[in-house]
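In the working numbering, the protein residues as written are -10 to 324.
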Ligand SMILES: Cc1cc2nc3c(=O)[nH]c(=O)nc-3n(C[C@H](O)[C@H](O)[C@H](O)COP(=O)(O)O)c2cc1C
């Protein structure tokens, strides 16, 4: 699959997720075979104000490539300027525009899925980003429409293609639907038939079989996964194996525990104690599932009051399951 001139080995994408797809998680997903990874969505206003926290969200390392930085905003000039800054300072492989976020604070002004209400504004924003992105391909991620009676994704697809977008990801739920009901994959198929640029299908893929079914049923060029990667980055390997007709070894308790340590080390390389504590609580709660005593261990980590306590618990977890704890100064292990 190609997006502009960018060749993608494995057409299985890690979806952008605020609060989840930071450097640590992206590195893990790439090492598991994700074909492309995305940053969390980043505010174009914050970017052009050069807010340090906002700029920090866009740092990445070479091993994450190909990587897309996703931006949102309602003012075409501002969003365009933010694309220029991203190109000059970060040079990612893709700049993605978010027309899917349903959060009222974002939608109110016309950003995120708010742009689905005003396709002229959507075109202006997209053109401005394409003009400022230079050689970097611009992609779109959008929902289907505002509510189930007003699906605009197919019409928007043609307009976005004309504006110079190089691929479109569709999460075929409406803005108002949030995460209720199910994603209407039929719309992915319709979009694929309506445009000449690659279409990436997204929504409700929970395992490798679902991914294969989405390819078959919609004819999409790639698939993108969000929630099913939480605590299970192995999904990328499992899909790749299924595509290659190979079987996948089941993930063991030991795999999950080792992944907690890998993730812990990656988080500690870049986060302060407070953020490390919160992030490890979140990710460990996702990893530590599906085995006897998982609930007890989740509770222990959630109650930890410091990152030092988390590290002690992690060592205890290794001992309890009779797994050797690598020596303290080893790098995040090869996964
Ligand atoms: C915690 C969380 C954060 C998300 N943040 C973003 C985001 O920053 N940008 C975006 O385009 N979509 C975001 N999404 C939506 C996902 O990228 C995806 O479109 C949606 O979850 C449907 O895919 P899934 O069924 O595989 O989860 C987020 C979803 C979740 C669960």
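A virtual CB, placed ideally from N, CA and C, is assigned to each residue, including glycine.
Predicted model, so just to flag it, every value in this text is computed and none were measured.
Beta-carbon proximity check, residue i vs residue j, cutoff 9 Å
i, j, result
"residue 252", "residue 276", "yes"
"residue 192", "residue 159", "yes"
"residue 101", "residue 92", "yes"
"residue 326", "residue 172", "One cannot answer for residue 326 here, as it falls past the ends of the chain, which runs -10 to 324."
"residue 104", "residue 63", "yes"
"residue 119", "residue 90", "no"
"residue 207", "residue 174", "yes"
"residue 57", "residue 27", "yes"
"residue 2", "residue 189", "yes"
"residue 86", "residue 115", "yes"
"residue 30", "residue 61", "yes"
"residue 5", "residue 59", "yes"
"residue 214", "residue 186", "no"
"residue 243", "residue 196", "no"
Residues of its chain near residue i, where Cβ-Cβ distance is below 8 Å and the 5 sequence neighbours each way are ignored
i, result
"residue 300", "253"
"residue 96", "90, 102, 103 and 164"
"residue 106", "99 and 135"
"residue 198", "231"
Sequence-distant residues of the same chain with beta carbon closer than 6 Å to residue i, five excluded per side
i, result
"residue 39", "none"
"residue 136", "163 and 165"
"residue 240", "223"
"residue 264", "none"
"residue 70", "37"
Residues of its chain near residue i, where Cβ-Cβ distance is below 7 Å and the 5 sequence neighbours each way are ignored
i, result
"residue -7", "126 and 155"
"residue 246", "306, 307, 310 and 312"
"residue 250", "303"
"residue 283", "277"
In DSSP terms, what residue i is bridged to
i, result
"residue 157", "129 and 188"
"residue 213", "2 and 191"
"residue -9", "-4"
"residue 25", "2"
"residue 59", "30 and 85"
"residue 163", "134"
"residue 140", "134"
Residue burial classification, residue i (beta-carbon count within 10 angstroms, cutoff 16)
i, result
"residue 33", "buried"
"residue 48", "exposed"
"residue 168", "exposed"
"residue -9", "exposed"
"residue 11", "buried"
"residue 280", "exposed"
Residue i at chain C interface by Cβ criterion, 9 Å
i, result
"residue 221", "Reference to chain C is not applicable here, since this structure consists of a single protein chain."
For this session: Decide if the region 10 to 25 is in contact with the region 177 to 186; the criterion is three or more beta carbon pairs, one per stretch, under 8 Å apart.
Result: The region 10 to 25 makes no contact with the region 177 to 186; the number of CB pairs closer than 8 Å stays below 3.
For this session: Report yes or no: do three or more beta-carbon pairs, one from the region 260 to 279 and one from the region 290 to 300, lie closer than 8 Å?
Result: Yes: the two stretches touch, three or more of their Cβ pairs being nearer than 8 Å.
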